[in-house]
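Everything on this sheet refers to the single structure shown next.
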């Protein structure tokens with residue numbers, strides 16, 4: 001008996017190849033939709049419009065084999081691997097994009113043998129040992145898609161793009177800064193910027209409640225104080241609702257097991273690609289007072305590192321610094337705990353706050369670690385109380401400092417008007 005199948009963009013249909021369900025992606029011209037679907041259904045092919053989210057994955061549980069045939073660019077290939085992990089790599093295979101294996105519609109219009117292409121699909125399951133021959137095409141893909149590999153760019157923080165190059169899946173970012181410097185406010189806008197570009201985001205706010213956090217983010221989103229313009233609330237709230245943004249309902253102490261389970265569920269159901277944890281100390285609470293607190297923190301950091309890698313999801317983790325002299329700038333070694341946090345991190349960001357006796361202090365964002373390409377540096381930030389946003393000051397308005405080495409050498413002053421200083425690690 002043929003098993004039922006599900007077209008990713010259509011109603012239930014009968015399955016034509018026993019135990020096999022290929023899935024395809026790509027825009028289909030409406031003029032040829034009937035003819036193409038009639039032909040491709042006879043080949044056992046389903047449709048998926050877009051690759052940002054896999055809808056109803058439970059409908060694929062009954063199938064023994066699911067070949068994934070998406071687009072011809074790097075993001076399509078990454079999406080195919082992500083979907084395969086969700087559906088179990090052991091029963092999935094991937095059609096590698098290329099000139100001889102274009103997206104399904106193009107292959108059909110060129111009269112190519114679709115069955116032959118499907119038979120050439122590679123197993124999605126990972127081997128314990130591989131050779132460069134198996135890596136060669138992916139290495140070439142990264143070299144030929146430099147911008148996509150670098151990740152999503154920040155729209156509000158162009159100086160951050162110059163240093164980190166972008167926001168990438170599978171990385172762990174550690175963010176720290178002095179108490180009262182605006183860590184939560186900054187990381188809120190930092191994540192909101194990416195979410196507005198379509199990065200599915202999950203917030204874990206363990207220090208402030210979700211209502212207060214959402215109010216801050218809505219103010220940053222609207223770039224105005226809505227309490228003074230309540231007639232505009234519905235307009236901005238409707239737009240804010242459309243963002244791929246979700247919140248954990250935790251507050252205060254939670255076990256790492258519960259948090260990781262929630263994150264795994266969010267990745268599976270909502271295709272989350274960025275998780276923000278604010279902050280580590282509040283999440284740990286007081287449960288570790290009778291044991292080695294540093295060892296417990298190391299274990300939690302390791303759990304977040306493993307989660308980011310295994311689920312191709314970026315984790316941004318806020319950690320309070322050690323108690324140090326307020327007149328000294330923070331360094332990577334200032335992060336509370338052992339060196340494991342900075343060692344596990346792909347990126348380390350430090351919000352520097354130079355207090356001034358005569359008035360408000362100067363804030364800088366320092367990139368002290370960048371595993372992607374090694375660029376590190378520091379650039380100024382300017383806080384707008386009206387919109388709760390940070391922005392890079394107008395050129396010439398602030399003096400920039402080069403990054404201070406961990407050796408404690410005094411920083412050198414950059415010439416006025418600089419747009420940011422950087423160096424290689």
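Residue numbers (UniProt numbering): 1 to 425.
Quick reminder that beta carbons are idealized off the backbone N, C-alpha and C, glycines included.
Under the three-state reduction of DSSP, residue 151 is assigned to coil, being neither helix nor strand. The criterion of a C-beta distance shorter than 9 Å is not satisfied by residue 202 and residue 154. By the neighbour-count criterion, in which a residue is buried when 16 or more other Cβ atoms sit within 10 angstroms of its Cβ, residue 119 is exposed. For residue 181, the closest C-alpha among the options 390, 351, 249, 253 is that of 351.
As a beta-bridge residue in DSSP terms, residue 101 pairs with 98. According to DSSP, residue 347 shares a beta bridge with 173, 370. With fewer than 16 other Cβ atoms from the protein chains shown falling within 10 Å of its own Cβ, residue 374 counts as exposed. Your pair residue 169 and residue 316 does not check out as a contact, with CB atoms roughly 12 Å apart and the cut at 8 Å. From the listed residues 176, 72, 128, 278, the smallest Cα separation to residue 347 is found for 176.
Annotation for residue 382: the continuous beta strand (DSSP E) segment containing it runs 375 to 384. Annotation for residue 309: the continuous alpha helix (DSSP H) segment containing it runs 293 to 310. Non-local beta-carbon contacts of residue 172 in its own chain, meaning distances under 7 Å to residues more than five positions away in sequence, involve 304, 305, 308, 315, 317, 344, 345, 346 in chain order. The C-alpha of residue 247 lies about 8 Å from the C-alpha of residue 205.
According to DSSP, residue pairing for residue 92 in a beta bridge involves 66.
Excluding its 5 nearest sequence neighbours in each direction, residue 166 has C-beta neighbours in its own chain below 7 Å: 150, 151, 152, 153, listed in chain order. In the DSSP assignment, the residues bridged to residue 335 are 321.
A straight line joining the alpha-carbon of residue 105 with that of residue 60 spans about 23 Å. Inclusion of residue 94 and residue 107 in the CB contact set at 9 Å is not warranted, their separation being larger than that value. Bridge partners of residue 194 according to DSSP: none are assigned. Residue 353 carries a strand assignment under DSSP once its states are collapsed to helix, strand and coil. Bridge pairing for residue 270: absent [DSSP]. By a beta-carbon distance limit of 8 Å, residue 363 contacts residue 381. Their separation comes to about 5 Å.
In the DSSP assignment, the residues bridged to residue 363 are 353, 381.
With respect to the 9 Å criterion, residue 187 and residue 301 are not classified as neighbours on the basis of their beta carbons. The three-state reading of DSSP puts residue 242 in coil, since its state is none of H, G, I, E or B. When beta bridges are read from the DSSP output, residue 204 appears opposite 277. With a cutoff of 9 Å on beta-carbon distance, residue 76 and residue 110 are scored as not near each other.
For residue 216, the CB contacts under 6 Å within the same chain, skipping 5 residues up- and downstream, are 188, 388 in chain order.
DSSP places residue 388 outside both helix and strand once states are collapsed to three, so it counts as coil. For the set 89, 124, 237, 112, the Cα lying nearest the Cα of residue 96 is the one of 124.
When beta bridges are read from the DSSP output, residue 122 appears opposite 94.
When only Cα atoms are considered, residue 71 and residue 140 end up about 17 Å apart.
The Cβ atoms of residue 372 and residue 82 do not sit closer than 9 Å to each other.
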